[in-house]
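In what follows, a structure is listed as C-alpha cells, so that the remarks can point back to it.
In our numbering, the protein residues as written are 1075 to 1152.
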C-alpha cells in the first residue's frame, strides 16, 4: 500500500496516510483537527540492497597519440 501525503489548510500541517490504490482519490482526515486534507503531489522513493546501477561503457575507446608510444629497435645500438 502506498503512503500519500496530505496538507491540512486549517492546521497548516502536512500528514501522511497509508491507503490502498482503490482509495487514493478519497480524502484523508487530518490527525490533529479531523478535517479533510488536500492531497499533495509527491514522488516515490526506491531503496534496495540488491539493486545495482548498470555499468556504462564509453561510446568510443580512447586513442593513443603518437607521442605516447615509442618504437625501439633492439637490433640498433646507441
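A virtual CB, placed ideally from N, CA and C, is assigned to each residue, including glycine.
Owing to the predicted nature of the structure, the values given are computational and were not obtained by experimental measurement.
query	result
Presumed contact (8 Å Cβ cut-off) between residue 1112 and residue 1081, rounded CB distance	5 Å
Helix, strand or coil at residue 1095 [DSSP, three-state]	helix
Presumed contact (8 Å Cβ cut-off) between residue 1094 and residue 1102, rounded CB distance	Wrong, their Cβ atoms sit about 12 Å apart, outside the cutoff.
Any non-hydrogen atom of the ligand HEM closer than 7 Å to residue 1112 Cβ	The ligand HEM is not part of this structure, which contains no ligands at all.
Three-way DSSP call (helix, strand, coil) for residue 1089 in this model	strand
DSSP-derived helix/strand/coil call for residue 1082	strand
Same chain only: Cβ atoms within 7 Å of residue 1097, ignoring 5 sequence neighbours per side	none
Close Cβ partners of residue 1105 (< 7 Å) along its chain, the five nearest in sequence each way excluded	1089
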